[in-house]
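Numbering (the working numbering), first residue to last: -9 to 220.
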């Protein structure tokens, strides 16, 4: 553990700290039931047309508070990078799971996401005794767990995991951009932007595209030999 109870007392941050304390409610409830290593779990990359789905598991110190940690989707890339540095410094443990497009095509995106989440838990340096999971689905592992719909906006450890997963996946897509610059993964991160769809029409799919994902209803009907209906 590299950080302890992080509390900020700067003027004007009272509301933020109150919100941060509310975000730690699930963690406090679990610890009140005797669980000590509580891991928050979230994923990034369920919706893109290309690239992996990435999950993260984060165990924070007891009573940890941070007014700026929240759902990664509400943060700018610069904010996420800065918060990732702080999470990496302060967390008890961080685990990451990555499941590539070929597995997504083989088992479907939901099962691939659950595999990535399990891998993230197994990647933790310290085995957790309780899991807080964003969404509706439990993972196949013999650890007590609670699913939380919208958990990345309601749990501090899940929000932390959402930031770790998002930044980790973005970095992977930036690496793939160097290998496949024609798709501009640096910008779109594999999501179905207009520019990305045009590149698929022009160049076809590359090896990191998810062949089980229909690009669009219109393009799925085109018999151009490049886009395969799902």
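By construction, the Cβ of each residue, glycine as well, lies at the ideal position given by its N, Cα and C atoms.
Take residue i as the anchor and find which of the options has the nearest alpha-carbon.
i: residue 34; options: 136, 142, 79; result: 142
i: residue 12; options: 187, 149, 192; result: 149
i: residue 29; options: 134, 196, 202; result: 134
i: residue 176; options: 45, 16, 67, 37; result: 67
i: residue 17; options: 64, 112, 197, 137; result: 137
i: residue 140; options: 83, 63, 22, 42; result: 63
i: residue 15; options: 122, 105, 104, 99; result: 122
i: residue 78; options: 51, 129, 99; result: 51
i: residue 55; options: 76, 69, 41, 37; result: 76
i: residue 21; options: 53, 46, 106, 37; result: 53
i: residue 84; options: 90, 92, 166, 113; result: 113
i: residue 110; options: 44, 179, 178; result: 44
Let me know the secondary structure DSSP gives residue i once reduced to three states.
i: residue 155; result: helix
i: residue 97; result: helix
i: residue 280; result: Not covered by the structure: residue 280. The range shown for the chain is -9 to 220.
i: residue 181; result: coil
i: residue 205; result: coil
i: residue 162; result: helix
i: residue 135; result: strand
i: residue 112; result: helix
i: residue 198; result: coil
i: residue 85; result: strand
i: residue 122; result: strand
i: residue 129; result: coil
i: residue 2; result: For residue 2, the predicted model reports a pLDDT of 43, less than 50, meaning its position is unreliable; a value from the coordinates is still stated below. Three-state DSSP puts residue 2 in coil, outside helix and strand.
i: residue 31; result: strand
i: residue 59; result: coil
Should residue i be flagged as near chain D, meaning a C-beta pair shorter than 7 Å?
i: residue 184; result: Annotation note: the requested chain D is absent from the structure, which comprises a single protein chain.
Throw me the rounded Cβ distance for the residue i and residue j pair, which I believe falls under 8 Å.
i: residue 151; j: residue 88; result: Residue 151 to residue 88, Cβ: 14 Å. No contact.
i: residue 80; j: residue 155; result: In fact, because the Cβ distance is near 17 Å, the residues do not count as touching under 8 Å.
Roughly how many angstroms separate the alpha carbons of residue i and residue j, rounded to a whole number?
i: residue 27; j: residue 172; result: 44 Å
i: residue 146; j: residue 115; result: 19 Å
i: residue 210; j: residue 74; result: Any reading at residue 210 must be qualified, since the residue scores a pLDDT of 40, below 50, and its modelled position is unreliable; the value itself is stated next. Straight-line Cα distance between these residues: approximately 38 Å.
i: residue 117; j: residue 157; result: 23 Å
i: residue 224; j: residue 131; result: A question about residue 224 goes unanswered here, because the residues of the chain that appear run from -9 up to 220.
i: residue 144; j: residue 167; result: 33 Å
Can you give me the Cβ contacts of residue i inside the same chain, cut-off strictly under 8 Å, excluding the 5 residues immediately before and after it?
i: residue 205; result: 39, 182, 187, 190, 217
i: residue 119; result: 25, 26, 27, 28, 133, 134
i: residue 196; result: 40, 170, 173
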